[in-house]
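Count along the sequence shown starting at 1, add 413, and that's the number in the numbering used here.
Built from N, CA and C at the ideal position, the CB exists for glycine as well.
A quick write-up on the structure given underneath.
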Amino acid sequence: MTLKITISHTSNYEFEILDNKSLEALNPKELMLYAMAKCAGLTILSILKEHASSLTGLEIEVEGRLSTPTLMAESRFLHFTIIYRAECPKLKDQIIISRAINLAHDKYCGLVQMYRHIAPLMHETSIVSTDQEE
Numbered sequence: 414m415t416l417k418i419t420i421s422h423t424s425n426y427e428f429e430i431l432d433n434k435s436l437e438a439l440n441p442k443e444l445m446l447y448a449m450a451k452c453a454g455l456t457i458l459s460i461l462k463e464h465a466s467s468l469t470g471l472e473i474e475v476e477g478r479l480s481t482p483t484l485m486a487e488s489r490f491l492h493f494t495i496i497y498r499a500e501c502p503k504l505k506d507q508i509i510i511s512r513a514i515n516l517a518h519d520k521y522c523g524l525v526q527m528y529r530h531i532a533p534l535m536h537e538t539s540i541v542s543t544d545q546e547e
């Protein structure tokens, strides 16, 4: 069984859960995925605050594959996947945002680092620019 949580950056350091889920309705394993997504998101935003880049959208999707076919108390995570989707106005911002995502994922987000000890973790990044370059 695979669990999935997707969060979207709304303003400042705030995120909302997508897929019509509320924080209160998440089970403990989904809360673990949410915690990793939010930690990574906050870390990315903190890194970008130091640079002159314009992030206009950020979604983070975290999937965790479980050891059982249904959700059970004894289910363990076998694998994690994080998908980062970012949007920026200028093509030149893609480099800065890509670096911030990689730094957060590979070095500065403590939960991502901790979850690597639980199960293998892979990630994908997609960054699009919305304005045409002059």
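Asked, Found
"Which residues DSSP lists as bridging T543, in chain order", "Partner(s): none; T543 has no beta bridge."
"DSSP-derived helix/strand/coil call for H518", "helix"
"Three-pair Cβ contact test at 8 Å for the stretch 425 to 433 versus the stretch 491 to 501", "no"
"Pair within 8 Å by beta-carbon distance, G477 and T415", "yes"
"For M445, the three-state DSSP class (helix, strand or coil)", "helix"
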